[in-house]
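What follows is one structure encoded as structure tokens, with my remarks underneath.
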Amino acid sequence: MGDTLTDLRADALFVRLRTCAPTLVLGDLAFVTRHADVREVLSRPGDFSVDPYGEAIARVTPESDFLLGQADGESYRRQLGWLRAAFPPDAVPQATAAATRHAAAATATAGTSLDLLDGFARPVAALVCDELFGLALGHADTTARWARDIFTEGFVNVLRLPLLTRRARRSAGAFGAALDARIAAVHRERQGGVSSDDGLGRLLAMQEAGDAGLTDARIADLLLWTVAGTVDNVATATCRVVHEWLDRPAVLAQARAAVARADDDEVWRLAREALRFGTPTPMVVRRCRATCAIARGTSHEAHVPAGALVLVGVGAAMMDPDVLEAPAEFQPGRPAEHYLHFGVGMHRCLGAHLASAIVAAMVSAVVSRAGLRRGSGLAGRLRMAGPFPKRFTVRFDA
Numbered sequence: 042m043g044d045t046l047t048d049l050r051a052d053a054l055f056v057r058l059r060t061c062a063p064t065l066v067l068g069d070l071a072f073v074t075r076h077a078d079v080r081e082v083l084s085r086p087g088d089f090s091v092d093p094y095g096e097a098i099a100r101v102t103p104e105s106d107f108l109l110g111q112a113d114g115e116s117y118r119r120q121l122g123w124l125r126a127a128f129p130p131d132a133v134p135q136a137t138a139a140a141t142r143h144a145a146a147a148t149a150t151a152g153t154s155l156d157l158l159d160g161f162a163r164p165v166a167a168l169v170c171d172e173l174f175g176l177a178l179g180h181a182d183t184t185a186r187w188a189r190d191i192f193t194e195g196f197v198n199v200l201r202l203p204l205l206t207r208r209a210r211r212s213a214g215a216f217g218a219a220l221d222a223r224i225a226a227v228h229r230e231r232q233g234g235v236s237s238d239d240g241l242g243r244l245l246a247m248q249e250a251g252d253a254g255l256t257d258a259r260i261a262d263l264l265l266w267t268v269a270g271t272v273d274n275v276a277t278a279t280c281r282v283v284h285e286w287l288d289r290p291a292v293l294a295q296a297r298a299a300v301a302r303a304d305d306d307e308v309w310r311l312a313r314e315a316l317r318f319g320t321p322t323p324m325v326v327r328r329c330r331a332t333c334a335i336a337r338g339t340s341h342e343a344h345v346p347a348g349a350l351v352l353v354g355v356g357a358a359m360m361d362p363d364v365l366e367a368p369a370e371f372q373p374g375r376p377a378e379h380y381l382h383f384g385v386g387m388h389r390c391l392g393a394h395l396a397s398a399i400v401a402a403m404v405s406a407v408v409s410r411a412g413l414r415r416g417s418g419l420a421g422r423l424r425m426a427g428p429f430p431k432r433f434t435v436r437f438d439a
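Each residue of the sequence shown is one higher than the last, beginning at 42 in the working numbering.
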């Protein structure tokens with residue numbers, strides 16, 4: 042399935058290691074690739090910390106202690122509570138409506154050819170965040186660029202390349218200033234009796250209700266990192282899903298039928314299985330707090346030294362034949378626990394309910410266009426630059 046360009050995925054090494062060395066320790070670096078072991082590491086935050094993310098967050102926004110880089114504790118739990126209240130399950134219809142509207146507008150003006158990444162997925166994801174989070178910034182391309190720069194430093198720049206750090210700091214400064222101005226403007230609106238049903242509006246309502254810890258600076262920080270973690274993940278997922286469906290005409294027909302009958306759950310079920318073949322986050326990192334064992338009692342038991350960086354192959358784990366029946370086959374009816382797109386344990390993606398709805402709405406808009414097919418030549422093949430799509434063009438009938 043696919044071609045060489047597609048198969049050179051960011052997790053290709055992990056796929057190979059899963060077979061020959063599923064828990065490999067090389068000095069202060071460890072690789073974990075099997076499904077059971079990946080779930081184990083992600084479910085043991087006391088042994089395997091998210092400190093690498095906390096350090097990256099501090100490099101970008103030094104005053105931040107955003108929850109993704111935090112251990113369990115008062116700060117983590119307070120932030121989790123704020124974000125759950127700001128983006129509750131009953132916000133899903135709002136997310137679906139926003140994504141449907143912006144995606145339909147983008148595909149309607151596309152003519153017969155569409156750059157699925159920069160002409161659709163990234164700007165639409167940014168516009169949906171703009172509306173759903175209450176940002177009202179109105180410049181999708183700029184928001185997407187800020188989000189990419191911040192995301193790259195926070196979640197990708199394992200080697201700590203200075204250029205990427207400087208770029209992220211600049212974008213965080215500009216994005217933070219825009220958020221500060223927006224928060225001040227919404228304060229004035231609320232004082233005049235105007236309120237909004239969006240993430241920012243809900244956070245300010247909690248602040249006004251007397252939550253002293255939810256300062257304007259805290260709200261800006263929560264929004265900055267939440268947007269940064271949303272735009273490219275949603276955009277990449279959208280491109281991945283369309284790519285996998287185009288490789289499987291029968292599945293594409295199923296998706297079109299589900300869209301025609303407005304079955305959003307079925308669209309997401311098909312999308313979720315497609316993402317198993319190319320998840321937006323094929324690897325996450327942890328740091329071993331103290332020397333401990335992984336996969337204890339198995340033939341591949343490994344002892345990881347204190348301080349080691351643990352590279353957790355989420356993508357490879359979802360192709361593990363020890364857990365998944367016929368993992369190379371497209372089977373959308375798999376148990377939910379087989380899917381690791383949103384992580385496991387206390388740091389599982391807290392916006393999974395919104396992200397899945399947004400992706401389903403976006404891919405629905407694409408497959409609704411008649412004659413969906415790949416663009417000509419290399420332009421029609423999904424090409425990746427590290428974890429991000431580089432280019433992907435599709436065509437439609439006139």
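Glycine included, C-beta positions come from ideal geometry on N, C-alpha and C.
Please state whether the Cβ-Cβ distance between residue i and residue j is less than 8 angstroms.
{"i": "residue 388", "j": "residue 109", "result": "yes"}
{"i": "residue 279", "j": "residue 151", "result": "no"}
{"i": "residue 406", "j": "residue 184", "result": "no"}
{"i": "residue 69", "j": "residue 86", "result": "no"}
{"i": "residue 165", "j": "residue 180", "result": "no"}
{"i": "residue 379", "j": "residue 133", "result": "no"}
{"i": "residue 351", "j": "residue 337", "result": "no"}
{"i": "residue 255", "j": "residue 247", "result": "yes"}
{"i": "residue 299", "j": "residue 308", "result": "yes"}
{"i": "residue 220", "j": "residue 261", "result": "yes"}
{"i": "residue 83", "j": "residue 384", "result": "yes"}
{"i": "residue 176", "j": "residue 223", "result": "yes"}
{"i": "residue 396", "j": "residue 271", "result": "yes"}
{"i": "residue 400", "j": "residue 275", "result": "yes"}
Would you tell me roughly how many angstroms separate the C-alpha atoms of residue i and residue j, rounded to the nearest one?
{"i": "residue 43", "j": "residue 178", "result": "Bear in mind that a pLDDT of 37 at residue 43, under 50, signals an unreliable position, so the number given afterwards is only what the model happens to contain. Taking the straight line from one Cα to the other gives about 38 angstroms."}
{"i": "residue 226", "j": "residue 324", "result": "39 angstroms"}
{"i": "residue 371", "j": "residue 315", "result": "7 angstroms"}
{"i": "residue 318", "j": "residue 203", "result": "32 angstroms"}
{"i": "residue 411", "j": "residue 382", "result": "30 angstroms"}
{"i": "residue 362", "j": "residue 77", "result": "11 angstroms"}
{"i": "residue 123", "j": "residue 417", "result": "47 angstroms"}
{"i": "residue 283", "j": "residue 404", "result": "7 angstroms"}
{"i": "residue 104", "j": "residue 212", "result": "16 angstroms"}
{"i": "residue 55", "j": "residue 146", "result": "39 angstroms"}
{"i": "residue 277", "j": "residue 158", "result": "8 angstroms"}
{"i": "residue 322", "j": "residue 79", "result": "13 angstroms"}
{"i": "residue 228", "j": "residue 364", "result": "51 angstroms"}
{"i": "residue 354", "j": "residue 339", "result": "18 angstroms"}
{"i": "residue 153", "j": "residue 439", "result": "6 angstroms"}
{"i": "residue 269", "j": "residue 346", "result": "32 angstroms"}
{"i": "residue 47", "j": "residue 425", "result": "Note that residue 47 scores a pLDDT of 35, beneath 50, so its modelled location is shaky; the value from the coordinates is reported in the next line. Approximately 7 angstroms, taken between the alpha carbons."}
{"i": "residue 169", "j": "residue 368", "result": "33 angstroms"}
{"i": "residue 96", "j": "residue 301", "result": "46 angstroms"}
{"i": "residue 218", "j": "residue 257", "result": "12 angstroms"}
{"i": "residue 50", "j": "residue 419", "result": "For residue 50, the predicted model reports a pLDDT of 47, less than 50, meaning its position is unreliable and no value from the coordinates is stated."}
{"i": "residue 332", "j": "residue 206", "result": "30 angstroms"}
{"i": "residue 431", "j": "residue 421", "result": "11 angstroms"}
{"i": "residue 348", "j": "residue 88", "result": "10 angstroms"}
I think residue i touches residue j, with their Cβ atoms under 8 angstroms apart; what is that distance to the nearest whole Å?
{"i": "residue 341", "j": "residue 334", "result": "Incorrect: roughly 11 angstroms between the Cβ atoms, too far for contact."}
{"i": "residue 137", "j": "residue 398", "result": "5 angstroms"}
{"i": "residue 440", "j": "residue 195", "result": "Only positions 42 to 439 of the chain appear in the structure, and residue 440 is not among them; the question remains open."}
{"i": "residue 408", "j": "residue 297", "result": "5 angstroms"}
{"i": "residue 320", "j": "residue 359", "result": "7 angstroms"}
Take the Cβ of residue i as the centre, count every other Cβ of all protein chains shown within 10 Å, and call the residue buried at 16 or more, exposed below.
{"i": "residue 264", "result": "buried"}
{"i": "residue 374", "result": "exposed"}
{"i": "residue 125", "result": "exposed"}
{"i": "residue 60", "result": "exposed"}
{"i": "residue 391", "result": "buried"}
{"i": "residue 115", "result": "exposed"}
{"i": "residue 377", "result": "exposed"}
{"i": "residue 130", "result": "exposed"}
{"i": "residue 120", "result": "buried"}
{"i": "residue 171", "result": "buried"}
{"i": "residue 250", "result": "exposed"}
{"i": "residue 285", "result": "buried"}
{"i": "residue 287", "result": "buried"}
Leaving out the 5 sequence neighbours to the left and right, which residues in its chain are closer than 6 angstroms to residue i when beta-carbon positions are compared?
{"i": "residue 414", "result": "436"}
{"i": "residue 216", "result": "187, 265"}
{"i": "residue 357", "result": "52, 55, 56, 59, 74"}
{"i": "residue 433", "result": "157, 158, 280, 423"}
{"i": "residue 72", "result": "58, 65, 352"}
{"i": "residue 305", "result": "401"}
Spatial neighbours of residue i within its chain, please: C-beta separation below 7 angstroms, excluding the five flanking residues on both sides.
{"i": "residue 210", "result": "101"}
{"i": "residue 273", "result": "188, 189, 192, 429"}
{"i": "residue 90", "result": "112, 327, 328, 330"}
{"i": "residue 295", "result": "311"}
{"i": "residue 127", "result": "240, 243, 244"}
{"i": "residue 118", "result": "none"}
{"i": "residue 230", "result": "none"}
{"i": "residue 208", "result": "190"}
Can a CB atom of chain B be found closer than 8 angstroms to the CB of residue i?
{"i": "residue 245", "result": "You won't find chain B in this structure, because it holds only one protein chain."}
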